[in-house]
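Under my numbering, think of the first position of the sequence shown as 27, with each following residue one higher.
Shown next, in structure tokens, is the structure this report addresses.
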Amino acid sequence: MAQKKNNLTLVKRKIRQYVKELSCDIKVDQAILFGSWAKGNHSHFSDIDIAIVSGDFSRFKRVRNIAFLLSHAGKIDSRIEPLPLTPEEIKDPDTRSFAAEILETGKVMYNAH
């Protein structure tokens, strides 16, 4: 149990580093951890699923935003699997959407507000 807690502390530190890295180029509104790390059923090999919420993503296509996020993720930890979301997608998610699931099961790791 202590090992999992230590691993989660390390993941939180990596997320803070990642947000700091991204903040040099975009305004990050929120970073939401989801998936196995948020649910507590992760292993040492689990990827780090993180939704990055930014109004800046509305200016570009999703593919470009994913490429941007991945290029910065590689500087911090290759296990980071980022998902770009706009504030609109988070504010009013369709109940069947992936954003709704992230809001329901995810953990906010960073909030600019």
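We put the CB at the ideal spot given by N, CA and C, even for glycine.
Cα-Cα separation, residue i to residue j
i	j	result
residue 90	residue 96	10 Å
residue 105	residue 130	23 Å
residue 66	residue 123	22 Å
residue 72	residue 63	8 Å
residue 33	residue 125	25 Å
residue 166	residue 37	No statement about residue 166 is possible, as the shown extent of the chain runs from 27 to 139 and does not include it.
residue 108	residue 128	12 Å
residue 118	residue 43	28 Å
Strand pairing of residue i, partner residues [DSSP]
i	result
residue 107	75
residue 44	Paired residues: none, contrary to the question.
residue 134	58
Contact belief for residue i with residue j at Cβ below 8 Å, rounded distance in angstroms
i	j	result
residue 57	residue 76	6 Å
* **Minimum length 4: unbroken alpha helix (DSSP H) runs contained in the stretch 56 to 89** => Along the length of the stretch 56 to 89, whole alpha helix (DSSP H) runs at least 4 residues long occupy 62 to 65, reported in chain order.
* Asked: Is the number of C-beta pairs between the stretch 76 to 88 and the stretch 53 to 65 that are closer than 8 Å three or more?
  -> Put simply, the stretch 76 to 88 touches the stretch 53 to 65. At least three CB pairs are less than 8 Å apart.
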